[in-house]
Amino acid sequence: MKVQAKLISLFLLLSAIFIVGRHFYQVFEDKRMYSLFKEDNGEKNIYFDKLMKLKGASLETLAFDYTYWDEMVSFVKHNDIAWAEKTIDETVLKTYQADAIWIYKMDLSLLYSIKSQGAIGLKDFPLPEGSINNIFSKDRFCHFFINTNAGLMEVRGATIHPSADPERKTSPHGYLFAGRLWNKEYTSELADLVGGEIKISLTKQEIPSLRVLLGASSIVLSRELAGWQEKPVAYIYATIQSKEVEIYKLFSRNTIVAFFGFLIAVLIFITAFIATSVNLPLGMISQALKRENPAELYRLEKESSEFGDISRLITKFFRQKNELIKEIIERKKVQRAVQEYTRQIEKANKELDDFTYIVSHDLKEPLRSIDAFSKFIQDDYKDKLGAEASNYIERIRANAGRMQDLIEDLLEISHIERRENLFEEVQASEVLTEVTTRLEYAIKQKGVEVIVRDKLPNIFCDRVRLGEVFLNLISNAIKFCDKPKPLIEVGCSETADFYEFWVKDNGPGIEEKYFDKIFEIFQRLDRREDHEGTGAGLTIAKKIVEMHKGKIRVESKIGEGATFYFTIPKGRQDGGKNKIHQDITG
Amino acid sequence: MAEKTRFTKILLVEDNPDDILIIERALKEARVINRVWIARDGQEALDFLQHKGKYEDPALAPRPGLILLDINLPKVNGLDVLKKIKEDDNFKRIPTVMLTVSKRDEDIVKSYNYGCNSFIQKPLEFEKFVELVRQIGLYWGLLNVEAPTNAG
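If you want it as structure tokens, here you go:
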């Protein structure tokens, strides 16, 4: 997943957490608000009841006070209408906020009635005939609502008793009803007191649930308005705005908006910060790496941040990479050149191989014939040949022999580096013994004394080749010896890394200017008259020693003999791993 | 038995007329009393053994007791001749001596791999040649016991 995607995911995750948090906070707030609303609702209910009672108190007082009065009893008894008109006038109605008063005698005949200005259209007392007895059958007071042609009316009634009977135990003397119309004026007064809207309805209306009401922050209160038969004849509904809830709501909403707004702002800021300080440089680095173009990072490189470090490293890496590629290309070129060169050398070697075979076979064949037929002439025509002719034939044969030797040496040199003999642990003394045995005839013939001076070590070498080195050095010494008592000494000294063998003779010695030349091929060919020549023996010895990663040299003074030294490194020279035992053995 | 082996028949496979002369003379001087048949190239040697071509008549080409084989031969190379001889059930028990000027490792290794009985380099000096031929005749003609001709 890319960093950008991760950042987006992180942002989404945090957003989700915020949203969920906000949701739970909202639920919590709603609960609190609901309980607050409920509480407010309860308070408003109590308040409403109190208000209704207070508002209805004057009417109740009127009904109570005027029926507990001796003058009223007298009035009912004596039908003193004049008293009534004087005493129970419009002023009374106004005082008690009543709209009508009706006074009945015990025979249920209407004795007196009065209506307020506002109740002009009101007809007679709307209570059905005979219902009064029912109303007061249980109680001395009544309170009910009744629908009139002038509208809904609240009615309070009471039985009339003399003041001597405060408990109203005696038979009543008449009945008084006081009514109040719940017209618009009255309901608006109520509404003002309640601090909301008042609605009167003749039919029952559905009140929405508290939760729905909470949504509008309004409390709806309802009361049944009972008729004289105790059944509701109308309903009053009060709709009051809950200021507390409204304020709380506003506060809560503002808090949430402010808090989460802040959180989101922080989130956006963090994301933007990460995007610019991490994602942007990362994108640049990624692009630069993809396009393999570190030049795109030049701005980042100046920064001291980790991205600056990375950019500098990338630039460095690319520079090194380019250098490396250049180097590889160069090396490949060289390698190809070397391969081509090697191929040419191999070809040349092959040609040389073929050449040496031709030399060995085709040059030697005629030589043998020359030798053989010279011999046949010698044998078959001995008598007919003079001494001189015999001598010539001898010379022919001798030269054929020398030519044969030269060819053999040539072959040996050309093959020396290509023949792969196994390197093995070899007792140098044993090899030397083999060589002296091979040369036994020549040693005896020339009366040479061969002395081994030191204990010769075990060395790791090509056994056959080492033998050839000794053979060439010793046979050379024998060949050139010129003293009456020829002496050849062999020895060995040791350093940390190699053994140095030496072969010393007491022969004629070698001029210093020839110290290097004698190891070059056929050096003695141009001095044929001196001796029969060394041929390639020293060259062969040098090649073998060098094959063993050793060195060969000569020290000599004219007339005092010569000493040949050659070194063989200790341990394996065939690239092997194990060092051999370097015990010096006899 | 000993009487019989002295007259071992030798097949000399050699293209160089000089060498033929030299070897014949060397045999004579070495007093190796054998009869020598000569094949001048590899094919002729094979024909001789298998009674083909001009050797159709078995009387002209008796089974040899020893083969002296040069390597550098016209038509069929000496090494190939050796290989064919040693692969053939009829001839593989005939002692075959490589007699050549070659000293090449490759030739030596191949010769032994193909089953030659001996690898000898022709010496240059005639005296040595005589000595060598004498020893070959002595060893292969006198000391060595031939396998029975009809052996399975």
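Chains A and B, in that order, are what the protein sequence lines are. Position in the first sequence counted from 1, then plus 845, gives you our numbering. Position in the second sequence counted from 1, then plus 4, gives you our numbering. Cβ coordinates follow ideal geometry from the N, Cα and C atoms, glycine included. All figures in this text were calculated on a predicted structure; none of them were measured in a lab.
Residue i to residue j span [Cα, whole Å]
| i | j | result |
| --- | --- | --- |
| A:K968 | A:T993 | 8 Å |
| A:R1308 | A:S1274 | 11 Å |
| B:P21 | A:L1316 | 37 Å |
| A:L1370 | A:V1335 | Annotation note: pLDDT 42 at A:L1370 (below 50); position unreliable, coordinate value reported separately. About 28 Å. |
| A:L1108 | A:F873 | 19 Å |
| A:F986 | A:N978 | 12 Å |
| B:L70 | B:L136 | 15 Å |
| A:E905 | A:F989 | 11 Å |
| B:K134 | B:I98 | What sits at residue 134 of chain B in the sequence shown is Val, not Lys. So the two alpha carbons sit approximately 23 Å from each other. |
| A:Y879 | A:R1056 | 7 Å |
| B:E48 | A:F1218 | 27 Å |
| A:V1078 | A:K939 | 26 Å |
| A:R1240 | A:K1209 | 17 Å |
| A:I1261 | A:E1172 | 38 Å |
| A:I980 | A:D885 | 37 Å |
| A:M1392 | A:I1304 | 14 Å |
| A:T1408 | A:P1353 | 11 Å |
| A:I864 | A:F1105 | 9 Å |
Neighbour flag for residue i against chain B, beta carbons, 8 Å
| i | result |
| --- | --- |
| A:Q1189 | no |
| A:G1246 | yes |
| A:H1376 | At A:H1376 the pLDDT is 48, less than 50, meaning the model places this residue with poor confidence; the figure from the coordinates comes in the next sentence. A:H1376 does not count as touching chain B. |
| A:L1197 | no |
| A:R1373 | Below a pLDDT of 50, predicted positions are generally treated as unreliable, and A:R1373, at 44, falls in that range; the measurement from the model is reported next regardless. Closer than 8 Å: no. |
| A:D1361 | no |
| A:Y1216 | A quick correction: the sequence has Asp, not Tyr, at residue 1216 of chain A. By this cut-off, A:D1216 is an interface position. |
| A:L1370 | At A:L1370, the pLDDT of 42 sits below 50, so the modelled position is not reliable; the number obtained from the coordinates is stated separately. Not an interface residue. |
| A:F1221 | yes |
Nearest residue (CA-CA) to residue i, options the options
| i | options | result |
| --- | --- | --- |
| A:V1390 | A:I1045, A:L1311, A:S1131 and A:T936 | A:L1311 |
| A:A1110 | A:A1407, A:F856 and A:G1395 | A:F856 |
| B:L15 | B:G57, B:L64, B:E33 and B:E60 | B:L64 |
| A:K883 | A:S1087, A:D1199 and A:F1105 | A:S1087 |
| A:F970 | A:I1005, A:F909 and A:Y1020 | A:Y1020 |
| A:Q1249 | A:P1211, A:N1236, A:N1167 and A:A1140 | A:P1211 |
| A:C1306 | A:K1402, A:T1412 and A:D1224 | A:T1412 |
| A:A1071 | A:R1001, A:G1106 and A:E1042 | A:R1001 |
| A:K1402 | A:D1350, A:M1392 and A:K1415 | A:D1350 |
| A:G1041 | A:A1117, A:E1089, A:A1023 and A:T1084 | A:T1084 |
| A:K983 | A:R1176, A:W1073, A:K1358 and A:F909 | A:W1073 |
| B:K114 | B:K87, B:K56 and B:E60 | B:K87 |
| A:R1025 | A:A1003, A:L997 and A:I1005 | A:L997 |
| A:I965 | A:N1028, A:V1399 and A:E1148 | A:N1028 |
Three-state secondary structure assigned by DSSP to residue i
| i | result |
| --- | --- |
| B:I14 | strand |
| A:P1211 | helix |
| B:M102 | strand |
| A:A995 | coil |
| A:H923 | helix |
| A:W928 | helix |
| A:N890 | helix |
| A:N1303 | strand |
| A:T940 | helix |
| B:V36 | coil |
| A:Y1070 | Note that residue 1070 of chain A corresponds to Leu in the displayed sequence, not to Tyr. The answer is strand: DSSP assigns A:L1070 an E or B state. |
| A:P1353 | coil |
| A:Y870 | helix |
| B:E7 | Model confidence at B:E7 stands at a pLDDT of 38, short of 50, so the residue's coordinates are unreliable and nothing is read from them. |
| A:Y1093 | helix |
| A:S1077 | The question names Ser, yet the displayed sequence has Pro at residue 1077 of chain A. Note: A:P1077 maps to strand in three-state DSSP. |
| A:H1260 | helix |
| A:R1188 | helix |
| B:Y118 | helix |
is_contact[residue i, chain A] using C-beta, thresh 8 Å
| i | result |
| --- | --- |
| B:F130 | yes |
| B:I26 | yes |
| B:N81 | no |
| B:D45 | no |
Contacts that residue i makes with chain E (C-beta to C-beta distance below 8 Å)
| i | result |
| --- | --- |
| A:R1136 | Of the protein chains in this structure, namely A and B, none is chain E. |
(message) Could you check whether the region 103-111 of chain B touches the region 50-70 of chain B, counting it as contact only if at least three pairs of C-beta atoms, one from each stretch, sit closer than 8 Å?
(response) Touching, no, given that fewer than three Cβ pairs across the two stretches are closer than 8 Å.
(message) Check whether the region 851-867 of chain A and the region 1035-1049 of chain A touch, using three or more Cβ-Cβ pairs below 8 Å as the test.
(response) no
(message) Under 8 Å, with one C-beta from each stretch per pair, do the region 121-137 of chain B and the region 30-41 of chain B reach the 3-pair mark?
(response) The region 121-137 of chain B is in contact with the region 30-41 of chain B.
(message) Quick test of the definition: if touching needs 3 or more C-beta pairs under 8 Å, does the region 1111-1119 of chain A touch the region 881-897 of chain A?
(response) No, they do not touch.
(request) Please confirm if the region 1086-1100 of chain A is in contact with the region 894-902 of chain A, defined as three or more CB-CB distances below 8 Å between the two stretches. (result) no
(request) Flag this pair as touching only if the region 1042-1053 of chain A and the region 912-920 of chain A have three or more C-beta atom pairs under 8 Å; answer yes or no. (result) In short, these stretches do not touch, since the Cβ pair count stays below three.
(request) Decide if the region 1148-1166 of chain A is in contact with the region 1184-1201 of chain A; the criterion is three or more beta carbon pairs, one per stretch, under 8 Å apart. (result) Counting C-beta pairs with one atom in each stretch, the region 1148-1166 of chain A and the region 1184-1201 of chain A have fewer than three that are closer than 8 Å, which means they do not touch.
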